[in-house]
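>
There are 4 protein chains.
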Amino acid sequence: MAMTDVLRPGYLQVRVLDLEEAIVHYRDRIGLDLVEVAPDGRAYLKAYDEFDRHSIVLRQADESGLDVVAFKVSSEAALDALAGRLRNAGITTTTIPEGEQPGVGRRIRFRVPTGHQVELYATIALSDQGPMINNPDLWRTEPRGMRAIRFDHCLLHGQDIDGTAKIFTDILGFATSEVAVTPDGQPIAIFLSCGMKAHDIALVRHHEDGKLHHVSFLLESWSDIGHAADLIAQHNMSLDIGPTRHGATRGQTIYFFDPSGNRNEVFSGGYQFYPDNPTRTWTADQAGKAIFYYEKKLHETFLSVVT
Amino acid sequence: MAMTDVLRPGYLQVRVLDLEEAIVHYRDRIGLDLVEVAPDGRAYLKAYDEFDRHSIVLRQADESGLDVVAFKVSSEAALDALAGRLRNAGITTTTIPEGEQPGVGRRIRFRVPTGHQVELYATIALSDQGPMINNPDLWRTEPRGMRAIRFDHCLLHGQDIDGTAKIFTDILGFATSEVAVTPDGQPIAIFLSCGMKAHDIALVRHHEDGKLHHVSFLLESWSDIGHAADLIAQHNMSLDIGPTRHGATRGQTIYFFDPSGNRNEVFSGGYQFYPDNPTRTWTADQAGKAIFYYEKKLHETFLSVVT
Amino acid sequence: MAMTDVLRPGYLQVRVLDLEEAIVHYRDRIGLDLVEVAPDGRAYLKAYDEFDRHSIVLRQADESGLDVVAFKVSSEAALDALAGRLRNAGITTTTIPEGEQPGVGRRIRFRVPTGHQVELYATIALSDQGPMINNPDLWRTEPRGMRAIRFDHCLLHGQDIDGTAKIFTDILGFATSEVAVTPDGQPIAIFLSCGMKAHDIALVRHHEDGKLHHVSFLLESWSDIGHAADLIAQHNMSLDIGPTRHGATRGQTIYFFDPSGNRNEVFSGGYQFYPDNPTRTWTADQAGKAIFYYEKKLHETFLSVVT
Amino acid sequence: MAMTDVLRPGYLQVRVLDLEEAIVHYRDRIGLDLVEVAPDGRAYLKAYDEFDRHSIVLRQADESGLDVVAFKVSSEAALDALAGRLRNAGITTTTIPEGEQPGVGRRIRFRVPTGHQVELYATIALSDQGPMINNPDLWRTEPRGMRAIRFDHCLLHGQDIDGTAKIFTDILGFATSEVAVTPDGQPIAIFLSCGMKAHDIALVRHHEDGKLHHVSFLLESWSDIGHAADLIAQHNMSLDIGPTRHGATRGQTIYFFDPSGNRNEVFSGGYQFYPDNPTRTWTADQAGKAIFYYEKKLHETFLSVVT
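Chains as they are written, first to last, in this note's numbering: chain A, 47 to 353; chain B, 47 to 353; chain C, 47 to 353; chain D, 47 to 353.
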């Protein structure tokens with residue numbers, strides 16, 4: 047078991063149909079802080095408990111969905127080493143120069159077999175509105191809306207999830223926390239961790255490539271999940287399912303949609319993972335229980351709606 | 047920033063005055079599972095959500111306190127490398143052969159400047175009562191007592207905490223999550239992390255060496271902290287302080303004593319840490335707020351009672 | 047506004063298909079204490095926080111459903127007065143003599159227009175396992191299963207809910223906390239309170255008379271609702287819906303079935319009611335939101351399955 | 047057992063040293079809505095979940111403390127009847143005419159043996175910002191600060207608590223939920239209920255008459271108690287004790303002071319009471335456990351600081 051130099055999912059760039067509406071949603075409902083709407087038109091946001099400058103980038107476009115998911119690595123040297131390993135494996139990498147996003151250093155971009163763009167970077171400016179570090183209070187100001195603690199992970203849909211997972215495990219050093227398999231042993235869902243989270247990215251087999259199933263934010267507790275549900279109802283957001291619990295990861299969760307139709311999750315709890323933990327395995331006939339531990343079945347929208 | 051090969055605090059061997067009473071306390075109150083009382087007289091326990099065979103070892107003795115805190119590392123090769131680094135730094139290491147504790151492989155033992163014995167090991171048997179891994183339920187049976195999820199960390203007292211911390215950071219690769227310093231810059235408390243926990247071990251300056259301040263167990267939520275308080279009261283356990291919250295780590299906490307006088311903590315919440323996070327710093331005049339965020343002061347027993 | 051002499055729903059007699067299974071369900075899952083299985087074959091149970099001898103009576107029968115819901119009144123004199131008012135209104139009353147149920151005094155029984163049997167009584171023995179009263183602890187022993195605090199209310203289905211409600215309000219002195227009405231002003235759901243609970247009994251219009259929709263138990267918190275959901279999943283109980291929240295009463299809730307198909311609810315929260323509060327009113331097009339505030343729609347089983 | 051016509055503690059008029067500071071405290075920290083600062087200089091506030099126009103009246107004065115606690119009764123006729131019963135018992139009553147407080151009808155004022163002024167009234171305007179009643183949402187806007195649900199009760203200190211309690215029980219129809227007594231049977235604390243709350247008013251023996259120990263507000267949950275503690279710490283409010291739990295009433299609680307030195311409590315949980323419940327009794331040697339179930343002892347400020 048090798049330890050990975052990938053620290054965490056650092057930011058996500060998401061396409062939205064109406065930037066103003068999206069800012070209201072992510073800032074006032076999810077509770078992120080708006081860092082800036084940059085001259086290039088993109089909105090940069092971060093959760094109150096994140097040190098880095100931003101973690102969510104919203105880009106207005108004609109179609110919703112995911113532009114890129116980016117992972118922060120431990121150092122520029124580690125970035126070079128990981129880029130080398132990708133190229134050695136025959137994967138084409140592109141270098142995005144420092145400054146393409148404000149505050150972010152050079153990024154290594156590559157496309158995974160499921161069609162998603164992934165990036166690695168080692169450098170990002172610290173926010174001056176991150177957690178206090180000198181005789182710190184809990185927060186600078188009381189968290190707002192659903193009180194999201196951080197951008198946590200995303201779930202991606204595509205065809206060759208084995209191929210994508212292999213890059214994350216064999217090249218980037220992620221561990222497989224959970225997997226759901228068909229009777230003939232083919233994975234239909236793979237949960238991958240680069241630290242102590244039950245998943246830092248997850249993959250589900252789907253007939254279309256490059257799709258985003260959901261963007262997930264961490265909340266503090268099951269109490270906050272209930273509070274999020276109250277806000278979803280009060281503000282007539284589009285609910286997908288929940289409050290409920292996952293069998294896989296054991297997280298307590300609620301799913302809903304942003305105004306552009308991108309699915310969001312807020313969740314809390316679940317186990318903490320170590321890379322020496324056995325991989326938990328689900329059989330396909332228990333997929334319902336794996337995903338929704340209470341309902342023990344999957345519903346149509348959850349399976350079919352992706353962006 | 048280098049990533050460490052130390053996975054986590056794996057087990058703690060604690061001295062108790064009466065093994066029977068101690069088993070009742072750790073099994074029925076804290077909620078650990080008793081793995082076995084081994085022929086050598088030691089009791090081995092684990093929390094319901096831990097994969098490894100045991101995490102708490104109780105040894106009956108004339109004096110309470112800590113025998114050893116042991117960290118699990120990622121591989122036997124990593125164990126060799128870390129042992130080499132210790133020896134290169136002039137630290138004497140002893141190898142404890144496989145089998146000294148049932149199920150545990152070879153261990154590297156060394157003494158830190160604060161007088162505590164520390165061990166590293168890479169191999170421990172998996173429990174057959176660990177978390178389920180095939181179409182898993184939340185737990186095999188409903189958690190008991192305070193519903194401890196895992197042994198989490200310990201806080202050690204001694205004189206040369208700078209020296210001990212230096213071994214953890216410079217040789218073992220831990221990161222410093224928080225530190226409290228006197229006006230002349232001398233650390234009086236140091237919080238060290240080898241993963242995403244706000245602390246995996248903590249050190250406080252004290253006039254006596256080799257002392258244990260507390261053994262800490264993770265609970266799921268603030269609700270469970272309240273429930274632990276109910277049990278402490280109902281069973282007339284000796285309460286030290288809480289329910290309250292730490293300024294440092296932000297954990298929600300309650301302190302009490304086992305029947306032998308060893309301090310226990312159960313806590314929940316707090317932030318998750320990454321090694322690229324800035325170190326949070328407390329000034330000595332804010333030590334009260336650092337330790338007890340609500341009370342903003344320290345009480346006599348918390349400062350003076352150690353085992 | 048007159049104050050009512052009706053204290054609370056005191057007990058419910060429910061028909062079950064298999065008494066043994068039902069006892070396991072209500073004792074080990076809901077968490078009631080089994081008082082006794084009496085010589086007449088009925089099982090008597092109570093929640094840990096109830097003073098009275100029993101609150102749930104299970105009777106084995108060929109068909110599940112409700113035998114009777116009984117309300118405790120403040121005194122024998124009040125019982126006489128209420129019985130007189132019922133007879134003055136042309137309602138036939140029957141006196142069930144003391145001792146038909148162990149520990150219960152004389153009861154006044156009558157049938158309401160929706161076909162349900164209702165009883166009033168003033169006297170029931172105190173349990174020797176009720177809440178402690180001398181230097182009390184929180185509980186004698188830690189609550190079990192879903193940790194039900196008390197039998198709380200039931201929801202009944204039938205045709206003439208206006209007629210039944212009129213007896214509760216005009217004769218027994220209940221207040222109407224909430225009502226849902228069709229566009230032409232006809233009530234389809236009526237919530238009735240005899241104290242500070244948002245409802246002590248509720249009525250829903252339905253084509254069949256004498257039907258039980260659900261029996262409800264109070265839990266302490268949303269945390270305990272989540273815990274109940276965990277138990278429902280772990281023990282493969284039949285879930286109907288939840289965890290969710292009601293618009294009406296604002297209670298946080300989960301619905302499931304006992305092994306005989308009687309629907310159970312456990313809930314927490316919601317507002318406390320006073321008889322001078324305005325009646326909250328729902329229009330029929332908002333019935334979904336009234337019942338399930340998060341989902342904003344009703345599902346088939348919830349509407350159609352009654353016993 | 048007679049049912050009382052007293053509905054609830056309706057409002058409290060409290061003296062504060064600085065009205066501006068007090069408004070910030072009760073509005074932004076406790077979370078009450080400011081109804082108005084009336085031409086007479088008094089500030090009127092209410093909790094978001096209360097229907098009546100106001101429940102807390104702040105009057106600027108040179109000394110903090112309590113002007114009056116007022117109870118709402120079920121009707122003008124009941125008010126007349128209760129006033130008659132008071133006069134028959136030799137208690138002098140004064141009628142405060144409608145309009146002395148905006149929106150409040152005629153009040154009957156009398157002084158109890160412990161020196162406190164008590165009022166009864168039947169009429170108060172409904173707030174236009176009370177809970178929604180047509181297809182209601184949970185709240186009009188998300189609760190603020192500590193998210194107080196309602197003014198709940200007050201605890202009064204004075205010498206002849208037996209005499210005061212006798213008026214509440216024998217004349218006004220309150221029930222005694224709990225009492226703490228000295229070895230010779232003299233009550234030192236009495237908890238009185240006019241509904242289903244464990245206490246609507248409480249009395250503690252003290253050498254000075256007319257004193258206010260605390261004003262209490264209801265919160266939703268133990269989670270919200272923790273959140274209140276976070277706010278107390280963050281805003282440097284003066285904490286007295288908590289988060290903890292009461293033995294008496296079982297409420298989960300935290301005590302702190304308003305800027306004028308009046309003690310506030312926010313609490314959640316505890317049992318619901320019925321007037322046929324046995325009175326819980328505490329012996330004086332268990333007073334610590336009765337008041338602070340976790341700490342099992344009383345601290346100096348809690349005993350001595352009253353306004």
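Backbone N, C-alpha and C define an ideal beta-carbon position, used for all residues, glycine too.
Here the structure is a predicted model, which means the values were calculated and not measured.
#1: Any contact of the region 333-346 of chain C with the region 272-281 of chain A, i.e. 3+ C-beta pairs under 8 angstroms?
#2: What ranges does the beta strand (DSSP E) occupy inside the region 234-258 of chain A, keeping only unbroken runs of at least 3 residues that lie completely in it?
#3: Pick helix, strand or coil for residue 343 of chain D, following the three-state DSSP scheme.
#4: At a CB distance below 8 angstroms, what residues from the region 234-248 of chain B approach chain A? Give them in sequence order.
#5: Tell me the start and end of each unbroken beta strand (DSSP E) in the region 119-196 of chain D that is at least 3 residues and wholly inside, in chain order.
#6: Name the two residues that bound the continuous alpha helix (DSSP H) containing residue 269 of chain C.
#7: Under 6 angstroms Cβ to Cβ from residue 122 of chain C, same chain only, skipping five residues before and after it: list those, please.
#8: Less than 8 angstroms between CB atoms is the rule here; does residue 298 of chain B satisfy it with respect to chain C?
#9: Would you say residue 95 of chain A reaches chain B, if we count a Cβ-Cβ gap shorter than 8 angstroms as a contact?
#10: Taking Cβ to Cβ, would you say residue 79 of chain A is nearer than 8 angstroms to residue 92 of chain A?
#11: Below 8 angstroms, how does it come out for the region 317-326 of chain C and the region 341-353 of chain C: are there three or more Cβ pairs, yes or no?
#12: Which chain D residues are close to residue 269 of chain A, counting only those with a beta carbon under 8 angstroms from its beta carbon?
#13: Can you tell me which of the three DSSP states residue 67 of chain A falls into?
#14: Between residue 300 of chain C and residue 195 of chain A, what straight-line distance do the alpha-carbon atoms span, to the nearest angstrom?
#15: Check distances from the C-beta atoms of the region 135-166 of chain C to those of chain D and list, in chain order, the residues that come in under 9 angstroms.
#16: Considering only DSSP beta bridges, list what residue 55 of chain D is partnered with.
#17: Starting from residue 76 of chain D and walking both ways along the alpha helix (DSSP H), at which residues does that stretch end?
#18: If you draw a straight line from the C-alpha of residue 102 of chain C to the C-alpha of residue 230 of chain D, how long is it?
#19: Taking 8 angstroms as the threshold (beta carbon to beta carbon), is residue 183 of chain B in contact with chain C?
#20: Please confirm if residue 276 of chain D has its CB atom under 8 angstroms from at least one CB of chain A.
#21: From residue 131 of chain D to residue 216 of chain D, what does the alpha carbon distance come to, in whole angstroms?
#22: Which residue marks the beginning of the alpha helix (DSSP H) containing residue 336 of chain A, and which one marks its end?
#23: Contact between the region 55-70 of chain B and the region 281-297 of chain A is defined here as three or more beta-carbon pairs at a separation below 8 angstroms; is this criterion met?
#24: Could you give the distance in angstroms between the alpha-carbon of residue 292 of chain C and the alpha-carbon of residue 264 of chain A?
#25: If residue 268 of chain D and residue 294 of chain D are in contact, beta carbons under 8 angstroms, what's the gap, nearest whole angstrom?
#26: Tell me whether residue 310 of chain D is buried or exposed, calling it buried when 16 or more other Cβ atoms sit within 10 Å of its Cβ.
#27: With 16 as the cutoff for other CB atoms within 10 Å, does residue 350 of chain B come out buried or exposed?
#28: Return the residues of the region 320-351 of chain B that lie within a Cβ-Cβ distance of less than 9 angstroms from chain D, sorted by chain order.
#29: Can you name the residues of chain A whose CB is closer than 7 angstroms to the CB of residue 280 of chain D?
#30: In the DSSP assignment, what residue or residues form a beta bridge with residue 88 of chain A?
#31: Would you mind reading off the limits of the alpha helix (DSSP H) that contains residue 93 of chain B?
#32: Assign residue 171 of chain D to buried or exposed, taking buried as 16 or more other Cβ atoms, counted over all protein chains shown, within 10 Å of its Cβ.
#33: What does DSSP give as the partner residue(s) for residue 112 of chain B in the beta ladder?
#34: Buried or exposed: where does residue 66 of chain C fall if 16 or more other Cβ atoms within 10 Å of its Cβ makes it buried?
#35: With C-beta atoms as the reference, is residue 147 of chain C less than 8 angstroms away from residue 114 of chain C?
#36: Verify whether the separation of the beta carbon atoms of residue 68 of chain A and residue 226 of chain A is less than 8 angstroms.
Let me lay it out:
#1: yes
#2: 247-251
#3: coil
#4: 241, 242 and 243
#5: 140-142, 153-157 and 163-167
#6: 268-280
#7: 168
#8: no
#9: yes
#10: yes
#11: no
#12: 267 and 269
#13: helix
#14: 27 angstroms
#15: none
#16: D/117
#17: Unbroken run through residue 76 of chain D: none, as it is neither H nor E.
#18: 41 angstroms
#19: yes
#20: yes
#21: 10 angstroms
#22: 333-337
#23: no
#24: 25 angstroms
#25: Incorrect: roughly 17 angstroms between the Cβ atoms, too far for contact.
#26: buried
#27: exposed
#28: 335, 339, 340, 341 and 342
#29: 183 and 184
#30: Partner(s): none; residue 88 of chain A has no beta bridge.
#31: Counting along the chain, residue 93 of chain B falls outside any alpha helix (DSSP H), and DSSP gives it neither H nor E.
#32: exposed
#33: B/60
#34: exposed
#35: no
#36: no
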